[in-house]
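Asker: Using the numbering used here, you'd call the opening residue of the sequence shown number 2 and step up by one each time. Where a beta carbon is used, it is the ideal one built from N, C-alpha and C, also for glycine.
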Amino acid sequence: MTMAETDTGTGAIAAAAASASAAASAAGVSIRLLDDVEDFTRVSELFQSIWTKQGEASPVNVETLRALSKAGSYVGGAFDGHELVGACFGFFASPGRRALHSHIAGVSGRMRGRSVGFALKVHQRAWALSEGLEEISWTFDPLISRNAHFNLVKLAAEPTSYHRNFYGHMADALNGADDTDRMLVTWYLHDPRVVAAAGGAPGAPDPSAADAVPLLSVGDDLAPLLTPTDARLVRVALPRDIEALRLRDPDRATRWRLALRATLGDLLDARGRVLSFDRSGAYTIDRGEQG
């Protein structure tokens, strides 16, 4: 890692911009800030196609995107040629904090597997550094395994807290009738782990995961299996595809939500710390002195 990648001034900004350019190139898209009504309309329509059922409103309207952009917040879009295939927006945190809260990021289903979402986040990081910010926060559904891997491993974001039914009842195409529990994560933009991840080199798995004792596992019937333990390092596993389970068996999906809330949620409330998330779909948590 070069000095330019570890400083907090112009070198860090230039290195972040280079990482953003490389990520966009690898994904085969161009990414830019959005600032006109036509672009905002495309974003609203894209998000509607991703999150809502037919006939329902988009999770964000054109007027809100216009206001955020005018106020200087981040509204970015990824394009495959002239087609908008991904977008992300966020707003500044409270005064005194050099931070951005990233509210929604979404990518067209046909672009899945091309790392467009990663390219958008790396572009957002480069923009935030150019604005003098030090961190970006956002929430994600901690029951969705691929999202946990993306946020905690590929981006090296740090889990901050667990929030029960954060948005209230949504009943959209992704959440179904389930509560909207969310994990809040923080991206410390100058952290060496984040710098490396933004450059496409996420850190190695935490070796302590091998010593973790199962606390929540996937049972033979795909239901949550809780095994009480006093171990300090515990393993909390997720179902492979909670989104499909919500459609096929909503009651079992709700059992998973409650089980994760009672394990991951309670452990984070008691100042436990997520050490890693592995490819098999499990969190390793250090419960600290509570164990």
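1) Near Gly220, what residues of its chain come up, given a Cβ to Cβ distance below 7 Å and the 5 sequence neighbours on each side ignored?
2) DSSP on Gly56, reduced to helix/strand/coil?
3) Determine the extent of the beta strand (DSSP E) in which His102 is found, giving its start and end residues.
4) For Ser103, count neighbouring Cβ atoms within 10 angstroms of its own Cβ and tell me buried if that reaches 16, exposed if not.
5) Taking just the CA atoms, how far does Val86 sit from Gly77?
6) Would you mind giving the Cβ-Cβ distance between Leu239 and Gly282, rounded to the nearest angstrom? I have them listed as a contact below 8 Å.
7) Any heavy atom of the ligand MG closer than 7 Å to the beta-carbon of Leu34?
8) Nearest-angstrom Cα distance between Gly133 and Asp192?
9) Whole angstroms are fine: how far does the CA of Ser22 sit from the CA of Gly200?
10) How would you call Arg236, buried or exposed, if buried means at least 16 neighbouring beta carbons within 10 angstroms?
11) Can you say whether Lys54 is buried or exposed, counting buried as having 16 or more other CB atoms within 10 angstroms of its CB?
12) Just to confirm, is the Cβ distance from Gly118 to Ala127 under 8 Å?
13) Measuring CB to CB, does Met184 end up less than 8 Å from Tyr163?
14) Need the endpoints of the alpha helix (DSSP H) that Leu239 sits in, please.
15) Would you kindly check if the distance between the Cβ of Ile137 and the Cβ of Leu216 is under 8 Å?
16) List, from N- to C-terminal side, the beta strand (DSSP E) runs of 3 residues or more that fit wholly inside the region 220 to 268.
17) In three-state DSSP terms, what is Phe333?
18) What do you reckon, are the CB atoms on Leu153 and Ser109 nearer than 8 Å?
19) List the endpoints of the continuous alpha helix (DSSP H) containing Thr11.
20) Using only alpha-carbon positions, find the residue among Leu121, Ala210 and Val214 that is nearest to Ser20.
21) Among the residues of its own chain, which have a CB less than 8 Å from the CB of Leu66, if the five just before and after it don't count?
22) From Leu268 to Arg233, what does the alpha carbon distance come to, in whole angstroms?
23) What residues in its chain sit with their C-beta under 7 Å from that of Glu159, if we drop five residues either side in the sequence?
24) Mark Thr228 as exposed unless 16 or more other C-beta atoms lie within 10 angstroms of its C-beta, in which case mark it buried.
25) Within the same chain, show all residues whose beta-carbon is closer than 6 Å to that of Ala198, passing over the 5 residues directly before and after it, in chain order.
26) Nearest to Asp287 by CA position, among Ala245, Thr230, Ala254 and Arg280, is which residue?
27) Please go through the region 173 to 214 and give each complete beta strand (DSSP E) segment of 3 or more residues, from N-terminal end onward.
28) Determine which residues share a DSSP beta bridge with Val76 and list them.
29) By a C-beta neighbour count over all protein chains shown, 10 Å radius and 16 as the cutoff for buried, is Asp252 buried or exposed?
30) Whose C-beta lies closer than 8 Å to the C-beta of Ala58 among residues of the same chain, with five residues either side of it excluded?
Answerer: On the basis of the data shown:
1) Counting from one through the sequence shown, the residue named residue 220 turns up at place 219. Closer than 7 Å at Cβ, skipping near neighbours: Leu226.
2) Translated into the one-based positions of the sequence shown, residue 56 becomes position 55. Correct three-state label for Gly56: coil.
3) Numbered from its first residue, the sequence shown carries residue 102 at position 101. Run containing His102: Ala100 to Val108, per the beta strand (DSSP E) assignment.
4) Start at 1 with the first residue of the sequence shown, and residue 103 comes out as number 102. Buried, since its Cβ has 16 or more Cβ neighbours within 10 Å.
5) Locating residue 77 in the sequence shown gives position 76, counting from the first residue. Locating residue 86 in the sequence shown gives position 85, counting from the first residue. If I take the Cα positions, the gap works out to 11 Å.
6) Position 238 of the sequence shown, counted from the first residue, corresponds to residue 239. Position 281 of the sequence shown, counted from the first residue, corresponds to residue 282. Leu239 to Gly282, Cβ: 5 Å. Contact.
7) This structure does not include the ligand MG; it has no bound ligands of any sort.
8) For the purposes of this step, residue 133 is taken as residue 132 along the sequence shown, with counting starting at 1. For the purposes of this step, residue 192 is taken as residue 191 along the sequence shown, with counting starting at 1. For Gly133 and Asp192, the distance between alpha carbons rounds to 15 Å.
9) If you number the sequence shown from 1, residue 200 lands on position 199. If you number the sequence shown from 1, residue 22 lands on position 21. Their backbone Cα atoms lie some 10 Å apart in a straight line.
10) Residue 236 sits at position 235 when you count from the first residue of the sequence shown. Arg236 should be labelled buried.
11) On the sequence shown, residue 54 is found 53 positions in, with the first residue counted as 1. Exposed is the call here.
12) Start at 1 with the first residue of the sequence shown, and residue 118 comes out as number 117. Start at 1 with the first residue of the sequence shown, and residue 127 comes out as number 126. No, the Cβ-Cβ distance between Gly118 and Ala127 is not below 8 Å.
13) As a working note, residue 184 is residue 183 in the sequence shown. As a working note, residue 163 is residue 162 in the sequence shown. Yes, Cβ-Cβ distance for Met184 and Tyr163 is below 8 Å.
14) Residue numbering aside, residue 239 sits at position 238 when the sequence shown is read from its first letter. Careful: Leu239 lies outside any alpha helix (DSSP H) and carries neither H nor E.
15) As a working note, residue 216 is residue 215 in the sequence shown. As a working note, residue 137 is residue 136 in the sequence shown. No, they are not a contact pair.
16) 225 to 227 and 234 to 238
17) The displayed coordinates of the chain run from 2 to 292. Any statement about residue 333 would go beyond what the structure contains.
18) Along the sequence shown, one-based indexing puts residue 153 at 152. Along the sequence shown, one-based indexing puts residue 109 at 108. Their beta carbons are not under 8 Å apart, which means Leu153 does not touch Ser109 by this criterion.
19) In the sequence shown, the residue the question calls residue 11 occupies position 10. From DSSP, the alpha helix (DSSP H) with Thr11 extends over Thr11 to Ala28.
20) For the purposes of this step, residue 20 is taken as the residue at position 19 of the sequence shown. Checking every option, the nearest Cα to that of Ser20 belongs to Leu121.
21) Locating residue 66 in the sequence shown gives position 65, where the first residue counts as 1. Contacts found: Leu35, Phe41, Val44, Ser45, Val76 and Phe90.
22) Residue mapping note: residue 268 aligns to position 267 of the sequence shown, counting from 1. Residue mapping note: residue 233 aligns to position 232 of the sequence shown, counting from 1. Taking the straight line joining both Cα atoms gives about 11 Å.
23) In the sequence shown, counting from the first residue as 1, residue 159 sits at position 158. Within the same chain, Glu159 has close Cβ partners Val186, Thr187 and Tyr189.
24) Residue mapping note: residue 228 aligns to position 227 of the sequence shown, counting from 1. Under this definition Thr228 is an exposed residue.
25) Looking up residue 198 in the sequence shown gives position 197. Cβ within range, chain order: Leu156 and Ala157.
26) For the purposes of this step, residue 287 is identified with residue 286 of the sequence shown, where counting begins at 1. Ranking Ala245, Thr230, Ala254 and Arg280 by Cα distance to Asp287 puts Thr230 first.
27) 183 to 189
28) Within the sequence shown, residue 76 is the residue found at index 75, counting from 1. DSSP output for Val76 lists Phe90 as bridge partner(s).
29) Position 251 of the sequence shown, counted from the first residue, corresponds to residue 252. By the 10 Å Cβ count, Asp252 comes out exposed.
30) Here residue 58 corresponds to residue number 57 of the sequence shown, with the count starting at 1. Gln49, listed in sequence order.
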